[in-house]
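> Before I ask anything, let me first share the structure, which is written out below as structure tokens.
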Amino acid sequence: MLSQPQIATMLTLQDKMNTRVNPEWLNAGYGFLRAAMVESVEAIEHHGWKWWKAQNKDIAQLQMELVDIWHFALSDIIIRYNGDIDQSAADLSEELAQSVTSVSFDGKTYQFSQQTLLENLELMAGLCAAKRFSVPLFVFIASQCELSSDELYRQYVGKNVLNFFRQDHGYKDGTYTKVWQDREDNEHLVEVLQTLDMHSDDYSDNVYEGLRLRYPA
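Residue numbers (the numbering used here): 40 to 256.
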């Protein structure tokens, strides 16, 4: 289960990233749950749903979609709490500690702990379309995609820091170099993450520093 410090760290990083894009993002009216809905549908595609042809479930792509969905979900949560990171982290932690296994939607209660991954992805997409998000449902879907809470935290922080790093090194104006030493920055990120302790207080700073040391001068 995600700890309160992990949740607070991710919320803080998301707020910083959104503020970097637009200092007034809290009141900009961005459709974060619309974006989460689209990513949920893309996850359904990576799972496979077509009964008339052979399809293989792509766990790696599913995990990547979930990390993207989490970015949008955290943004929506921050807005609902009017930017109060501490309170939102405390309430999310308490909600997860209750081990909720169902969600009510459109007059029906869904026991998502008894549903297949595909059914739960559909449920998440439907909730997002209705401008709602269930963190317990999301965390359960993550477990169905072999994405532990610690791994979700590791991948989220890594992706968030990489986005910051790109912005700091000219991503917006087109001067950023995405391929270093014949490998994309995502590949370097994976190697950096493997060398660090995700439980350290300065984990995100260490990720950034690891990328900086590798980036060509």
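All C-beta atoms in this analysis are idealised placements derived from N, C-alpha and C, irrespective of residue type, glycine included.
It should be emphasised that the depicted structure is a prediction, and the values quoted were computed from it without experimental measurement.
On the three-state DSSP scale, how would you describe VAL231?
Helix.
> Closer than 7 Å by C-beta to TRP64: which residues in its own chain qualify, once you throw out the five before and the five after it? Chain order, please.
If we look at TRP64 and ignore the five residues flanking it on each side, its Cβ neighbours are ASN57, THR58.
> Give the secondary structure of GLU190 by DSSP, where H, G and I count as helix, E and B as strand, and everything else as coil.
Helix at GLU190.
> Grouping DSSP H, G and I as helix and E and B as strand, with all else coil, what is GLU63?
Note: GLU63 maps to coil in three-state DSSP.
> The beta strand (DSSP E) that contains SER173, what's its start and end?
No beta strand (DSSP E) contains SER173, which DSSP labels as neither H nor E.
> Give, in chain order, every unbroken run of the alpha helix (DSSP H) that is at least 4 residues long and sits entirely within the segment 53-135.
Listed in chain order, they are 71-86, 98-119.
> With DSSP as the reference, identify every bridge partner of GLY149, one or two as the case may be.
Here residue 149 is Tyr; the residue named in the question, Gly, does not match the sequence. Answer is VAL142, bridged to TYR149.
> To which residues of the same chain is GLU81 closer than 6 Å at the C-beta, ignoring the five residues directly before and after it?
Same-chain partners within the cutoff: GLU104.
> Would you grab the beta carbon distance between SER114 and PHE177 for me? Rounded to a whole angstrom, and I think it's under 8 Å.
14 Å between Cβ atoms; not a contact.
> Given a cut-off of 8 Å on the beta-carbon distance, is the pair TYR242 and VAL196 in contact?
Cβ atoms of TYR242 and VAL196: closer than 8 Å.
> Do LEU50 and ILE124 come within 8 Å of each other at the CB atom, strictly closer than that value?
Yes, these two residues count as a Cβ contact at 8 Å.
> Of the choices GLU190, SER143, GLU185, LYS92, whose alpha-carbon is the least far from that of SER42?
With distances taken between Cα atoms, SER42 lies closest to GLU190.
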